[in-house]
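Residue numbers for the sequence shown follow the working numbering, so the first one is 4 and each next one is one higher.
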Amino acid sequence: MPSRPLVRLQAFFDAHPRAVLVRVDAAKGSTPREAGAWMLVSPAAILGTIGGGQMEFMAIDRARRILSGDAAEGSLDIPLGPEIGQCCGGRVRLDLRLADASIRLEIEDVARGEAETRPTVFVFGAGHVGSALAAALLPLPVHVTVVETRDLVLDALPAGVAKMRAAVPEKAVRDAPGGSAFVVLTHDHALDFLIVGEALRRADAAYVGMIGSATKRETFRRWWLGEAAGDAAALAHLHCPLGGTTADKRPAVIAALTAAEIVTALAGSVPPG
């Protein structure tokens, strides 16, 4: 099954056969995006971003003038200073090319490669918070898989979320690729403990989180150090409560804060204290 980025790319080309590829060819100093970032510009639509602001506005204008025949393909060198209303302080060189057949194949390969390197976030439990978290993660550069023991709640998940029906959910932790994130929000505290325990035993887990209060964390700690014979040091990697100490417990709020925690962890942040 094609990845979401590739599906969006193919849909864009189907709807907009004439487009210009704008790519960051070089980036020096402080810039909104890194070298290699790209976007597609058609006469009526845009896919992707090279960082927004006046720089992107200039790139879009140049791309559309290329499409209308009023400008040539080539490079655009932009100093990100007060002269264009941006204060980043860096400098960007953009490359603008008509998206012919060869360019399309090239950018499809890029999108495919980007999708293949995306980490996977496993969400265990499709209740109110689990469903909200899956929806919050969908636009982000991650693969989202929701693991559940109940078919009915899986059917209610938003389109685009991978669904896994598992009688033994903790096996999904053992089978997950390295660098995955695990968020545990099932309807059963004992099951939560088993899944989190499996995740904490993985030294390559990027993130381990469990829904619950400080009391639940303490109950888990006693179980982990006692019956589970777990490593005390591993507890430092557990995010619980999810989303920090906010007093707002609405599912969408917890989901947004947890998504931010996950993205921060995947980007290489230090583990929680």
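Backbone N, C-alpha and C fix where the C-beta goes; we use that ideal spot for every residue, glycine too.
Query                                                                                                           : Result
Ile49 in three-state terms, based on DSSP                                                                       : strand
Any alpha helix (DSSP H) of 4 or more consecutive residues that is wholly inside the region 95-141              : 104-119, 131-140
Alpha helix (DSSP H) segment containing Leu70, residue limits                                                   : 56-71
Stretch-stretch touch, CB-based, cutoff 8 Å, three pairs: the region 201-213 with the region 171-185            : yes
For Ala29 and Ala38, believed in contact at Cβ under 8 Å, the rounded distance                                  : 6 Å
Contacting residues, own chain, Cβ-Cβ under 6 Å from Ala40 (five flanking each side not counted)                : Val27, Ile53
Lys31, DSSP secondary structure in three states                                                                 : strand
Delimiting residues of the beta strand (DSSP E) encompassing Arg168                                             : 165-168
Residue interval of the beta strand (DSSP E) (run including Val147)                                             : 146-151
Ser134 classed as buried or exposed, judged by whether at least 16 other C-beta atoms fall within 10 angstroms  : buried
Span separating the alpha-carbon of Ala66 from that of Lys219                                                   : 55 Å
Own chain partners of Val266 with C-beta closer than 7 Å, once the 5 adjacent residues on each side are dropped : Leu143
Minimum C-alpha distance to Val25 - residue among Glu111, Ser33, Gly72, Ala102                                  : Ala102
Test item: CB-CB of Ala162 and Leu12 under 8 Å                                                                  : no
Pair within 8 Å by beta-carbon distance, Glu2 and His242                                                        : Nothing can be reported for residue 2, as the shown portion of the chain is limited to 4 through 276.
Nearest candidate by alpha-carbon position, reference Glu151, set His131, Ala139, Ala262, Leu140                : His131
Which residues DSSP lists as bridging Arg26, in chain order                                                     : Trp41, Asp98
Under the three-state DSSP convention, the category His242 falls into                                           : strand
Local conformation of Asp178 per DSSP, three classes                                                            : helix
Where Val211 falls: helix, strand or coil (DSSP)                                                                : strand
Reduced DSSP secondary structure (H/G/I, E/B, other) of Ala250                                                  : coil
Helix, strand or coil at Leu79 [DSSP, three-state]                                                              : strand
Check whether Pro82 and Gly56 have beta carbons under 8 Å apart                                                 : no
Beta bridge counterpart(s) of Phe185 as assigned by DSSP                                                        : Phe125, Val211
Of the residues Pro254, Thr123, Phe15, the one placed nearest Ala175, counting alpha carbons only               : Thr123
Limits of the alpha helix (DSSP H) - the one that Asp191 falls within                                           : No alpha helix (DSSP H) contains Asp191, which DSSP labels as neither H nor E.
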